[in-house]
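The sequence shown begins at 2 in the working numbering and counts up one residue at a time.
Cβ coordinates follow ideal geometry from the N, Cα and C atoms, glycine included.
Treat the numbers as computed from the prediction; the structure is a model and nothing was measured.
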Amino acid sequence: MKKPIYLTIANDIEKKIFNNDYPKNERLPSERNLAEEYGVTRMTIRNSIEYLVSKGLLEKRLGSGNYVKRTSLNLNLNEQLSFSEKSHFSDKTSRTEVIEFEKIYNSKISKIFNLDKDKEFFKIKRLRYLDEEVVNIEITYLLCEMFPDISIEIMEKSKYDYVENFITIKESFNKIIPIIPDMDTQKIFHIDSNTPIFYKTSLGLTTKNIIFEYSELYFNPKIYEFSFISKR
Numbered sequence: 002m003k004k005p006i007y008l009t010i011a012n013d014i015e016k017k018i019f020n021n022d023y024p025k026n027e028r029l030p031s032e033r034n035l036a037e038e039y040g041v042t043r044m045t046i047r048n049s050i051e052y053l054v055s056k057g058l059l060e061k062r063l064g065s066g067n068y069v070k071r072t073s074l075n076l077n078l079n080e081q082l083s084f085s086e087k088s089h090f091s092d093k094t095s096r097t098e099v100i101e102f103e104k105i106y107n108s109k110i111s112k113i114f115n116l117d118k119d120k121e122f123f124k125i126k127r128l129r130y131l132d133e134e135v136v137n138i139e140i141t142y143l144l145c146e147m148f149p150d151i152s153i154e155i156m157e158k159s160k161y162d163y164v165e166n167f168i169t170i171k172e173s174f175n176k177i178i179p180i181i182p183d184m185d186t187q188k189i190f191h192i193d194s195n196t197p198i199f200y201k202t203s204l205g206l207t208t209k210n211i212i213f214e215y216s217e218l219y220f221n222p223k224i225y226e227f228s229f230i231s232k233r
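Here's what the structure looks like:
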């Protein structure tokens, strides 16, 4: 299925943001100028901008225009930024370490994916670093038959850059709760046994409403804050 024009333009603008062609906290060219640059209508550009706003890459400033967002790391249920995308705004060096990579059969995970028990999954555990401090721990489950050639090398980079070569992501369903982590997590985050952390589960869907990912994430409380947007 051909990617919508507004999404192609949004992806191009996103690349320019990460290449610093559009610096953080700077105003984006006007909708009119962007429409002329890409040879499309202003409505198409508006849709591209709305998409990037929903991802947390841009923000609208009343009477001023659209700006590249500059933000700290936060748990925002309304954003769809990956770690790689979000760390771009932190002014710190990011990296990912894969500490577990295996194929498994698991009835609980199969049930989450609404699949038969005989399906095989990749289980991938990653540590995400900013300036050599672990900021989150992620355990991801991906269906082997959907992403058969995934590797440790791929998962040391952006997971979503890889999966979007095969599917178009529609949305994710997230749940965040506070927990007291186990001892292994406490050691990784260098926190004491009484310190609560945020724990998130995430279920990713394609535009065909197929579950492509289930992830569990543990967030370092010294790095992240929680935020959400309420609309009336």
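Pull up the distance between the alpha-carbon of E103 and that of K124, whole angstroms please.
Counting from one through the sequence shown, the residue named residue 103 turns up at place 102. Counting from one through the sequence shown, the residue named residue 124 turns up at place 123. Going by the C-alpha atoms only, they are around 5 angstroms apart.
Do N67 and L8 count as a contact pair if the criterion is CB distance below 8 angstroms?
As a first step, residue 8 is located in the sequence shown; it is residue number 7 there, counting from the start. As a first step, residue 67 is located in the sequence shown; it is residue number 66 there, counting from the start. Against a cut-off of 8 angstroms, the Cβ pair of N67 and L8 comes out as no contact.
Assuming V99 contacts I153 under a Cβ cut-off of 8 angstroms, what Cβ separation, rounded to an integer in Å, is found between them?
Stepping through the sequence shown from its first residue, residue 99 is reached at position 98. Stepping through the sequence shown from its first residue, residue 153 is reached at position 152. Confirmed, Cβ separation roughly 5 angstroms.
As an exercise, report each continuous alpha helix (DSSP H) stretch of at least 4 residues that is fully enclosed by the segment 145-190, in chain order.
Qualifying alpha helix (DSSP H) stretches, in chain order: 153-156, 160-164 and 184-190.
Report the option in Y142, T97, S95 and I138 whose CA atom is closest to the CA atom of I113.
On the sequence shown, residue 113 is found 112 positions in, with the first residue counted as 1. Of the candidates Y142, T97, S95 and I138, the one whose C-alpha sits nearest the C-alpha of I113 is Y142.
Quick check: the Cα distance between H89 and I18, rounded to an integer number of angstroms?
Mapped onto the sequence shown, residue 89 falls at position 88. Mapped onto the sequence shown, residue 18 falls at position 17. Here the model assigns H89 a pLDDT of 48, short of 50, so the residue's position is not dependable and the matter cannot be decided.
To the nearest angstrom, how far is it from the Cα of T97 to the Cα of K188?
Locating residue 97 in the sequence shown gives position 96, counting from the first residue. Locating residue 188 in the sequence shown gives position 187, counting from the first residue. About 18 angstroms.
Check whether the segment 133-150 touches the segment 210-226, counting contact only when three or more Cβ pairs, one atom from each stretch, lie closer than 8 angstroms.
Counting Cβ pairs under 8 angstroms, three or more are found: they touch.
Can you list, in chain order, the residues of its chain whose CB lies under 7 angstroms from that of S111, leaving out five sequence neighbours each side?
Within the sequence shown, numbered from 1, the residue matching residue 111 stands at position 110. The answer, listed in chain order, is D117, K118 and K120.
Check whether the Cβ atoms of L131 and E172 sit closer than 8 angstroms, and answer yes or no.
The count along the sequence shown starts at 1 and reaches residue 131 at position 130. The count along the sequence shown starts at 1 and reaches residue 172 at position 171. No, the pair does not count as a contact, with Cβ atoms beyond the cut-off.
In the DSSP output, what is S203 paired with across the bridge?
If you number the sequence shown from 1, residue 203 lands on position 202. Paired residues: N175 and S216.
Out of curiosity, what's the CA-to-CA distance linking E15 and L58?
As a position in the sequence shown, residue 15 is number 14, starting the count at 1. As a position in the sequence shown, residue 58 is number 57, starting the count at 1. Answer to the nearest angstrom: the Cα atoms are 8 angstroms apart.
Report the three-state DSSP secondary structure of L53 (helix, strand or coil).
For this step, residue 53 is matched to residue 52 along the sequence shown. Three-state result, L53: helix.
Please report the residue range of the alpha helix (DSSP H) in which K17 lies.
Taking the sequence shown and counting its residues from 1, the one referred to as residue 17 is at position 16. Unbroken alpha helix (DSSP H) run through K17: I6 to F19.
Pick from E51, S108, F213 and R33: whose alpha carbon is nearest that of R43?
On the sequence shown, position 42 is the one that residue 43 refers to. Ranking the options by Cα distance to R43, first place goes to R33.
DSSP three-state label for Y68, please.
In the sequence shown, the residue the question calls residue 68 occupies position 67. Strand at Y68.
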